[in-house]
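Chemist: Per my numbering, residue 1 is the first one in the sequence shown, and the count goes up by one each step. Attaching a single structure in structure tokens format; questions to follow.
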Amino acid sequence: MTVPADAAPEAIDKEIRFAVVLYGGVSLAIYMNGIAQELLNMVRATSENPRPQNGTADVYASVADYLDRHSGERFTHRFVVDIISGTSAGGINGVCLAKGLAKGLDNLEVLERIWLDHGNIDTLLNDKQSDLNRYPSEFPRTSILNSQRMFAKLLEAFRTMGRQAAKTVTARPHVSSLDLFVTATDLRGLQLPILLSDSVAMEKKHKHVFGFSFRQKGPNTEPVDDFADEYDPMLAFASRCTSSFPTAFEPVRINDILDFLKRTDKPAYQTFSTHLARWKQRFFPGYDQPRDGIAVEEREFADGGYLDNHPFGHAIEAIHARKANCPLERKLFYIDPVPEPDEKDMPQQPPEEITFLKNTTLATFSLPGYETIREEINRLKQRNAWLDNVRDILGEVDRENIKRLKEIIGRDIAKYSPEPETEPGSEKDSGIRMFSVIQQAPELAERFWIALAESAREQSGNAGNITFSTDYQERDLDDMIELFGEGYSSYHYTRRSVLTQQLTGMLAESAEIDSRSLQYERLAELLRIWRNEHYAPLAGEGTRNTENIFFRNYDLGFRLRRLDFLRRKTERSIAEHDAGHLFFGIYTTNPDREVPAWSDNLHHALLRLHDDITGALDALYAMRAALLERHQAHPLSPRSTVLHDITDRPVSALTAEEHEKLNGLMDELHHLIRDGFSPVTGSEEISRTMYATFDRLARDYPEISGRLRYVYRFGYDLHDSTTFQLLAGGDYGEGTKVGIHRISPADARNLWDERSRTDKHGRPLSKLAGTSLGAFGAFLEREWRRNDIMWGRLDAAERIIGALLPEEEHHHKRQQFIDEAQNAILKETLASWITELENSGLGSRKDREQHSRLTTIRSQLDTPDWKTAFCEIYDVHREFEPESSLKRLGRSSGILSSMVERLDEGEGISGRAAGYLKKLNTVLLGLLDFSTPKTFRGVLAGYWIQLLLLTALVVMGGGYLMNTFNLSGTPVLFTGFALLVIDLAVWFIRQNLQKKVHRIPGRPITRIALKILTGTGSALLVLALAVLAHTIYGHAGSFFSAYLADLQGVWDSVLATLKKIVSLASTVSGTQNGTTP
1 MTVPADAAPE
11 AIDKEIRFAV
21 VLYGGVSLAI
31 YMNGIAQELL
41 NMVRATSENP
51 RPQNGTADVY
61 ASVADYLDRH
71 SGERFTHRFV
81 VDIISGTSAG
91 GINGVCLAKG
101 LAKGLDNLEV
111 LERIWLDHGN
121 IDTLLNDKQS
131 DLNRYPSEFP
141 RTSILNSQRM
151 FAKLLEAFRT
161 MGRQAAKTVT
171 ARPHVSSLDL
181 FVTATDLRGL
191 QLPILLSDSV
201 AMEKKHKHVF
211 GFSFRQKGPN
221 TEPVDDFADE
231 YDPMLAFASR
241 CTSSFPTAFE
251 PVRINDILDF
261 LKRTDKPAYQ
271 TFSTHLARWK
281 QRFFPGYDQP
291 RDGIAVEERE
301 FADGGYLDNH
311 PFGHAIEAIH
321 ARKANCPLER
331 KLFYIDPVPE
341 PDEKDMPQQP
351 PEEITFLKNT
361 TLATFSLPGY
371 ETIREEINRL
381 KQRNAWLDNV
391 RDILGEVDRE
401 NIKRLKEIIG
411 RDIAKYSPEP
421 ETEPGSEKDS
431 GIRMFSVIQQ
441 APELAERFWI
451 ALAESAREQS
461 GNAGNITFST
471 DYQERDLDDM
481 IELFGEGYSS
491 YHYTRRSVLT
501 QQLTGMLAES
511 AEIDSRSLQY
521 ERLAELLRIW
531 RNEHYAPLAG
541 EGTRNTENIF
551 FRNYDLGFRL
561 RRLDFLRRKT
571 ERSIAEHDAG
581 HLFFGIYTTN
591 PDREVPAWSD
601 NLHHALLRLH
611 DDITGALDAL
621 YAMRAALLER
631 HQAHPLSPRS
641 TVLHDITDRP
651 VSALTAEEHE
661 KLNGLMDELH
671 HLIRDGFSPV
681 TGSEEISRTM
691 YATFDRLARD
701 YPEISGRLRY
711 VYRFGYDLHD
721 STTFQLLAGG
731 DYGEGTKVGI
741 HRISPADARN
751 LWDERSRTDK
761 HGRPLSKLAG
771 TSLGAFGAFL
781 EREWRRNDIM
791 WGRLDAAERI
801 IGALLPEEEH
811 HHKRQQFIDE
821 AQNAILKETL
831 ASWITELENS
841 GLGSRKDREQ
851 HSRLTTIRSQ
861 LDTPDWKTAF
871 CEIYDVHREF
881 EPESSLKRLG
891 RSSGILSSMV
901 ERLDEGEGIS
911 GRAAGYLKKL
921 NTVLLGLLDF
931 STPKTFRGVL
941 AGYWIQLLLL
951 TALVVMGGGY
961 LMNTFNLSGT
971 PVLFTGFALL
981 VIDLAVWFIR
991 QNLQKKVHRI
1001 PGRPITRIAL
1011 KILTGTGSAL
1021 LVLALAVLAH
1031 TIYGHAGSFF
1041 SAYLADLQGV
1051 WDSVLATLKK
1061 IVSLASTVSG
1071 TQNGTTP
């Protein structure tokens, strides 16, 4: 009987998995946005969505096709980003990339438009031009840039991404599993205990990380989607926290966001409020009972780059936690927009003396902020070296194991007598009694393997002359040592210890007991006592079962290792077209005669075998995740809440009843593992599936099926006993080495090599504009933002393809794919850029020059010399516009002045420093304001109080001079003095009114009405001032009564004018309606 071709996949999926680490970088976030776009294009090229037909995604799909052909069509390559870790500007791009992957989006155009249109310093600055009516901020100001606007734009971007996904009904997520880590800094710090040998030490934890996850729904898993639309406010909050660059944006509290949403976005406020309790548990573990009594809603979270600007640790831990269910390669990309230059390439200067001032500066500022990545990179390199050693050792161990297995089989093969299963599908021997045999003729041994497979399938008749001894699960430690050798003892105790630790973790997760707490230590002790009361290494020790039963009931790790062993053997057979790997070195005669020749039928049979093995692996991984992770409700909850009471006291103080409660929990855990729970399949059902798989294979290939069944039921114990200790001390994870790659302007040299490009002063010429002004540069000019996004895409495409095809044998194809991808990016970018410039009217010299450059380059993109043309022609305007720059500086200084006003002078050194800073700020602000260009209208509108003050002083000076020359200057002097008094009064009232208005929360219309009222009041004061001047000039003798009379006259005139206006309006209205007023 043959296996139909359509019953199995055509090839095995081989995944190239990427973990991505994104640094902080202020406006260099715009460069990283281009990189994020290309990472999305790479993943969607091979996802389950329809294949892209153009752009770089089509190029990446061609790379996958090339790798498929290179493997002999044995593998179908998929490119996956499954781990993202970002901080600050990188955190924002990480969130958007993750949401795009989870939603199955075609592009990240939404975020690109946000950066282009709103990453503009003119609208970011925290004054009226940032639309304070929609995005109100506190007064005096708390940051240079409008933080509320930032949050609102991020929330808007995430919502738009959700709407885009909803429009594409057929779109599927680009990934099945994804973890995102966004770092932040808790400025107050969460104090946590450190358990010492005889006491407890306290320490604050300031580093915080928001962990978001996505898991696609599977046969054994419920979906986990932290990127669903309801999570948009939380995603925006995490993005706002991680990017709270000091001074630019103020730290943020949950209550700040709730207040803002309550005033401006009721649906988002409702969502945030509804889910807040669950989100606090999910994203703020450990904050439920802070020792300082400050609730998490009131805690200030700031930029993650304060303490963790290179967030490798979270990505590396996630890599270690990942498991393999297919052939794979693992790579790590870290994105460094400003890599440190090699000092050998820089001009050598004589060393400067490190003075006491320099030493203090280094100790206080420079060195503490210099964050290295050497330790993280070395950790990965050490792990890679360890994996190489493990493979070498496993190779030797496999050879020794084969010898040992042959001895066992040679000693045990005697005769075979099948009998029905006593417990169908159980972890027993499926009707096969394990061996007690003597060596027979090779022909009999060969018949043994066939009989072993066919007996399980047919379950009838006597298939051979072989009998079996008792099941190994009924044996004790002495029996296992006799069977497998003296080395089994240490394996047994190591496995027992590791399993007990895993069970402690399962119970702790079910009751949400912190692994760093004293309760956790007590729980671990309690589990050890429970194990020793119920299981024993040797048989005959009272009523206790042997510890082999303990392993059978609870050990998920063994089951996973066993299936993974079979998976890797099957993959190697398929990759090399050699079924001999599934004989496990156990031949009875000549391997060339025993191993079946490779054929399409065998190929499809092994593909189906691989599919069933990975399905069983996925089911067991799903069970372990459900028992050890907190993504969903734990299957032991709420029964496990009794563990809080049990672990609140020392183990010695527990009652018999409390011990019995633990027994009940452990019995329930055993049943969950054996029988499963919705939607997770139990271990017994998984075993039944595997035996059915072996039965199906036995129809055509009984010699392979027999060996698989033998290894599955018995032989793997020997392999595990000789390898488990080797792996138990390390993070084996996926079992593959990690390739480490950097994406930066310095590494991508196909179109622009920064080492050889210099400016007119001979300095290296950077591709990026965002590196200027302390990495704020890209916020200044739209042209610079366009440039940096383009280079982000160009550099990413070059580095991605280089990582996918790193070997020298792919050199020519690699260069071809890089050129194709970069050409496609330039065509897309220049088309939209040129259209944008043309729509702007090309009103400035800069626009006309850039338009000319871009159109010339575009005309060359379909020619063989397009790269040369681009390199010779392309650049951006790198000079600052003096007038606009000074205006921005003036606005910034005004905001900074407001921020300084907020400082509390108080007492002590810090208070005095704040006072001096205020005075210095006033002087510097005045000088800067004086140097800033202004229009005449702007001067009158913004400085009328100052002009009035100057007028008062001039008038007083004139009066004084007139008196000096006996010209009756007293009225003039009196007028100037009166102007000065009134001016100061107006200034005082205005300042207080402004502060009151800025502090009043409410809808935009309310704030507008208050500003109108303030303006009206100011106008009336000016009017009163004008009347005062007239009164002083005309009635200096009887000043008070004359002033009142003049005010009354003005008021009467205003009322008369208003009456005329009302009467005229009434007349017009009556005429239009055809009535007589």
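Glycine included, C-beta positions come from ideal geometry on N, C-alpha and C.
In whole angstroms, what separates the C-alpha of His812 from that of Leu805?
Modeler: If you take the alpha carbons of His812 and Leu805, they lie about 10 Å apart.
Chemist: By DSSP, does Met346 sit in helix, in strand, or in coil?
Modeler: Reduced to three states, the DSSP call for Met346 is coil.
Chemist: Sort Gly90, Ala746, Met150, Leu636 by Cα distance to His118 and report the nearest one.
Modeler: Taking only the C-alpha atoms, the option nearest His118 is Met150.
Chemist: To which residues of the same chain is Thr123 closer than 7 Å at the C-beta, ignoring the five residues directly before and after it?
Modeler: Closer than 7 Å at the Cβ level, and outside the excluded window around Thr123, lie Gln129, Ser130.
Chemist: My understanding is that Ser137 touches Asn120, with C-beta atoms under 8 Å, so please give their C-beta distance in whole angstroms.
Modeler: About 17 Å separates the two Cβ atoms, so there is no contact after all.
Chemist: Tell me the rounded alpha-carbon separation between Thr274 and His208.
Modeler: When rounded, the distance between both Cα atoms is 23 Å.
Chemist: I'd like the ranges of any alpha helix (DSSP H) spanning at least 4 consecutive residues and lying wholly in the segment 548-618.
Modeler: As far as the segment 548-618 is concerned, its whole alpha helix (DSSP H) runs of at least 4 residues are 556-576, 591-594.
Chemist: Can you tell me where the beta strand (DSSP E) holding Arg78 begins and where it ends?
Modeler: Arg78 -> beta strand (DSSP E) spans 75-86.
Chemist: Check Phe870 in the structure and name its three-state DSSP category.
Modeler: DSSP places Phe870 in helix when its eight states are reduced to three.
Chemist: Among Met234, Thr494, Gln822, Ile144, which has the Cα closest to the Cα of Gly894?
Modeler: Here the closest residue by C-alpha is Ile144.
Chemist: Take the Cβ of Lys14 as the centre, count every other Cβ of all protein chains shown within 10 Å, and call the residue buried at 16 or more, exposed below.
Modeler: Under this definition Lys14 is a buried residue.
Chemist: For Pro745 versus Leu768, is the C-beta spacing smaller than 8 Å?
Modeler: Result yes, Cβ atoms of Pro745 and Leu768 sit closer than 8 Å.
Chemist: May I ask you to report which of helix, strand or coil DSSP gives His741?
Modeler: In this structure, His741 counts as strand in the three-state DSSP scheme.
Chemist: Ordered along the chain, which non-local residues of its own chain (more than five positions away) have a Cβ less than 6 Å from that of Tyr269?
Modeler: So the list reads Leu261, Lys262, once near-sequence residues are dropped.
Chemist: If you reduce the DSSP assignment to three classes, tell me which class Gly90 lands in.
Modeler: Reduced to three states, the DSSP call for Gly90 is helix.
Chemist: DSSP state of Gly890, grouped into three classes?
Modeler: Correct three-state label for Gly890: helix.
Chemist: If you drop the 5 nearest sequence neighbours on each side, which residues of the same chain put their C-beta closer than 7 Å to that of Pro140?
Modeler: Ser898, Met899, Glu901, Arg902, listed in sequence order.
Chemist: Starting from Ala1082 and walking both ways along the alpha helix (DSSP H), at which residues does that stretch end?
Modeler: Residue 1082 falls outside the range modelled here, since the chain spans only 1 to 1077, and no answer is possible.
Chemist: Three or more beta-carbon pairs under 8 Å between the segment 58-66 and the segment 339-346, yes or no?
Modeler: No, the segment 58-66 does not touch the segment 339-346.
Chemist: Our contact map puts Leu826 next to Leu861 with C-beta atoms below 8 Å; I'd like the distance itself, whole angstroms only.
Modeler: About 6 Å separates the two Cβ atoms, so the contact holds.
Chemist: For a test of the three-state rule: what should DSSP assign to Tyr710, helix, strand or coil?
Modeler: Note: Tyr710 maps to helix in three-state DSSP.
Chemist: How many angstroms separate the CA atom of Pro173 from the CA atom of Gln37?
Modeler: Answer to the nearest angstrom: the Cα atoms are 16 Å apart.
Chemist: Assess, as a yes-or-no matter, whether the segment 355-363 is touched by the segment 682-699 under the definition of 3 or more beta carbon pairs within less than 8 Å.
Modeler: They do not touch, by the three-pair rule.
Chemist: Is the separation between the beta-carbon of Gly55 and that of Glu798 shorter than 8 Å?
Modeler: No, Cβ-Cβ distance for Gly55 and Glu798 is not below 8 Å.
Chemist: Just to confirm my understanding: we take Ser721, look at its own chain, exclude 5 residues before and 5 after, and list those with CB closer than 6 Å. What are they?
Modeler: Counting only Cβ-Cβ distances below 6 Å, and skipping sequence neighbours, we find Phe484, Tyr488, Tyr491.
Chemist: Using the Cα positions of Lys103 and Asp392, report the straight-line distance between them to the nearest angstrom.
Modeler: Distance between the alpha carbons of Lys103 and Asp392 is about 42 Å.
Chemist: State whether the segment 240-252 contacts the segment 215-232, with contact taken as three or more CB pairs (one from each stretch) at a distance under 8 Å.
Modeler: Judged by Cβ distances under 8 Å, the segment 240-252 makes no contact with the segment 215-232, as fewer than three pairs qualify.
Chemist: Keeping to the same chain, check which residues put their C-beta closer than 6 Å to that of Arg624; ignore five residues upstream and five downstream.
Modeler: Only Leu556 meet the Cβ criterion.
Chemist: Which residues does DSSP list as the beta-bridge partners of Leu180?
Modeler: Looking at the DSSP assignment, Leu180 forms a beta bridge with Ile84, Phe212.
Chemist: CB-CB under 6 Å to Ala184, same chain, minus the five flanking residues each way: which ones, in chain order?
Modeler: Closer than 6 Å at the Cβ level, and outside the excluded window around Ala184, lie His208, Cys241, Thr242, Phe301, Gly304.
Chemist: In chain order, what are the residue ranges of uninterrupted alpha helix (DSSP H) at least 4 long that sit wholly in the segment 303-386?
Modeler: Entirely contained in the segment 303-386, the alpha helix (DSSP H) runs reaching 4 residues are, in chain order, 312-321, 356-361.
Chemist: Look at the alpha carbon of Asp667 and the alpha carbon of His534, and state the distance between them as a whole number of angstroms.
Modeler: Asp667 and His534: Cα-Cα distance of roughly 11 Å.
Chemist: Please classify Leu961 as buried or exposed, where buried requires at least 16 neighbouring CB atoms within 10 angstroms.
Modeler: Exposed: under 16 other Cβ atoms inside 10 Å.
Chemist: Just to confirm the assignment, what range does the alpha helix (DSSP H) spanning Gly34 have?
Modeler: Where Gly34 is concerned, the enclosing alpha helix (DSSP H) stretches over 29-45.
Chemist: Hey, Ile834 and Thr855: beta-carbon distance below 8 Å or not?
Modeler: Yes; because the gap between Cβ atoms is below 8 Å, this pair is in contact.
Chemist: For Leu111, which option in Leu499, Ala796, Arg786 has the closest C-alpha, if you only look at C-alpha atoms?
Modeler: Checking every option, the nearest Cα to that of Leu111 belongs to Arg786.
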